[in-house]
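K.L.:
My structure is below; once you've seen it, I'll send some questions.
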Amino acid sequence: MLHIAPTKNIPDNTGQPTKSQQVIRVSTDGDFIPLKWNWAETWLTVPVIFKDIYKRIYDFEVKEDDVFIVTFPKCGTTWMQEAAWLLLNNLDYEEASRSHVLKRSVYMDISILYEMGGNDSIAMAAELKSPRCIKSHLPPHLLPRQIWQKKVKLIYCARNPKDVLVSFSHFLRGKGAYRGNAKEFVDDFLNANITYTPYWPHVFTMWQMRAEPEVFFITFEEMKSNLRGVLERLAVFLEKPALTEAQMEKLLKHLSFENMKANQQANPTELIKNSGKRIVASDFEFMRRGIVGSYKDELSEEDQRRINEWSEQFLGQFNVSMTDIFGDI
Numbered sequence: 001m002l003h004i005a006p007t008k009n010i011p012d013n014t015g016q017p018t019k020s021q022q023v024i025r026v027s028t029d030g031d032f033i034p035l036k037w038n039w040a041e042t043w044l045t046v047p048v049i050f051k052d053i054y055k056r057i058y059d060f061e062v063k064e065d066d067v068f069i070v071t072f073p074k075c076g077t078t079w080m081q082e083a084a085w086l087l088l089n090n091l092d093y094e095e096a097s098r099s100h101v102l103k104r105s106v107y108m109d110i111s112i113l114y115e116m117g118g119n120d121s122i123a124m125a126a127e128l129k130s131p132r133c134i135k136s137h138l139p140p141h142l143l144p145r146q147i148w149q150k151k152v153k154l155i156y157c158a159r160n161p162k163d164v165l166v167s168f169s170h171f172l173r174g175k176g177a178y179r180g181n182a183k184e185f186v187d188d189f190l191n192a193n194i195t196y197t198p199y200w201p202h203v204f205t206m207w208q209m210r211a212e213p214e215v216f217f218i219t220f221e222e223m224k225s226n227l228r229g230v231l232e233r234l235a236v237f238l239e240k241p242a243l244t245e246a247q248m249e250k251l252l253k254h255l256s257f258e259n260m261k262a263n264q265q266a267n268p269t270e271l272i273k274n275s276g277k278r279i280v281a282s283d284f285e286f287m288r289r290g291i292v293g294s295y296k297d298e299l300s301e302e303d304q305r306r307i308n309e310w311s312e313q314f315l316g317q318f319n320v321s322m323t324d325i326f327g328d329i
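Here the UniProt record's numbering is used: the first residue of the sequence shown is 1, the next is one more, and so on.
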């Protein structure tokens, strides 16, 4: 059952053509999720259109061999999509060179954000060739319920909140989806006024389920520090043969930030620039720096302090620290 909190208008900063964007806070009871949590009170900020199509997402027919890639935005999603799709498809670089990763691994809930020019992202996900590799930014209790009922494989990639905030701010402001400045974005992010927020319940509930056999929890930080090790573990999780050294070296090169950024079938920058949906900045880059710790030279000390305190306030309830999840950042 979908729960909807009272509607509110969020500030003009969201970049909508009107003075404010109407959003809703939604939740469900979290049936079938293998984690005891107050799901019904764990609200997610989404555009109003979500309530019109949510039932199709919740009732999405999941196949036993599906793999879902779930993240909060700007946590290395596309990087993981490319890695997982290639492993699932026996390193088919030829197909990967012909078809964009967003067609090979459909972002199923993008239709709640944009008009897709007649395209239906939920239908597109359903029509993928098996084994389907499906992307979502929804938190556990708003994903298709059959993920939990059928215990299909779910890859969750997390990233520390300070780097996420910096990357998400550049992304939304660069493509004309947020009209405020960087400082205002911090305020809206911390106050859960940005689509897909709040951040911490999204990430933390999946971290708590990291030991579930059908969940592969990884961080952007570990992918940056030990991609080889992550790929070895991911192949085991996906029940694929161990890679030879030559196969591993080729995959590592393919997945390097430099190659991903230059690869037009993996980098959505040009797709977004040519979409015609909004006024996209001429210097917009979907893949910008791709590093750990970008916040150190992009956030003020005051904003870093605010984010740390906000994080500690949430995690402290559970005697967990950011270091426990992300290591030293």
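Ideal Cβ placement from N, Cα and C applies to all residues, glycine included.
1. Could you please give the first and the last residue of the uninterrupted alpha helix (DSSP H) stretch that includes S97?
2. State yes or no: is the C-beta of I325 within less than 8 Å of the C-beta of W207?
3. Within this structure, are the beta carbons of V166 and L252 separated by less than 8 Å?
4. Look at the Cβ atom of E222, then the Cβ atom of V215, and state whether they are nearer than 8 Å.
5. Using 8 Å for Cβ pairs, my map puts K162 next to Q304. What's the rounded Cβ distance?
6. Restricting to Cα atoms, I'd like to know which of K151, T197, P144 and R145 is closest to S169.
7. Return yes when the Cβ of I33 is within less than 8 Å of the Cβ of P140, no when it is not.
8. When you compare only the Cα positions, how much space is there between M108 and E309?
9. If I follow the unbroken alpha helix (DSSP H) through I53, where does it start and stop?
10. Between the beta-carbon of R289 and the beta-carbon of F220, is there less than 8 Å?
11. With contact counted as at least three CB pairs below 8 Å, one residue from each stretch, are the segment 88-100 and the segment 238-251 in contact?
12. Look up Y156 in the DSSP assignment and say whether it is helix, strand or coil.
13. From K19 to A192, what distance separates their C-alpha atoms?
14. State the beta-bridge partners of T45 as determined by DSSP.
15. H137 by DSSP, collapsed to three states: which one?
16. Pull up the distance between the alpha-carbon of G76 and that of L35, whole angstroms please.
17. On a Cα-Cα basis, can you pick out the residue from K224, I279 and S130 that is closest to V292?
18. Should the segment 36-44 be called in touch with the segment 121-136, which here means at least 3 C-beta pairs below 8 Å?
19. Helix, strand or coil: how does DSSP classify residue 391 here?
20. So, are the CB atoms of I134 and I49 less than 8 Å apart?
21. So, C157 versus T42, is the Cβ gap smaller than 8 Å?
22. Return the first residue and the last residue of the beta strand (DSSP E) that F68 is part of.
23. Exposed or buried, what is V62 when buried is set at 16 or more other beta-carbons lying within 10 Å of its beta-carbon?
24. For F68 and V152, which I take to be in contact (beta-carbon distance under 8 Å), what is that distance rounded to the nearest angstrom?
P.N.:
Reading from the atomic positions:
1. Y93 to R98
2. It is a contact, given that the beta carbons lie within the stated cut-off.
3. No, Cβ-Cβ distance for V166 and L252 is not below 8 Å.
4. The Cβ atoms of E222 and V215 lie no closer than 8 Å to each other.
5. 6 Å
6. T197
7. In terms of Cβ geometry, P140 and I33 form a close pair [threshold 8 Å].
8. 34 Å
9. F50 to Y58
10. no
11. Output reads yes: the segment 238-251 touches the segment 88-100.
12. strand
13. Note on K19: pLDDT 30, under 50, position unreliable in the model; the coordinate value appears next. Straight-line Cα distance between these residues: approximately 19 Å.
14. R25
15. coil
16. 25 Å
17. K224
18. no
19. For residue 391 there is no data in the structure shown, the boundaries of the chain being 1 and 329.
20. No; because the gap between Cβ atoms is not below 8 Å, this pair is not in contact.
21. Their beta carbons are not under 8 Å apart, which means C157 does not touch T42 by this criterion.
22. V67 to T71
23. buried
24. At roughly 7 Å, the Cβ-Cβ gap stays under 8 Å, so F68 and V152 are in contact.
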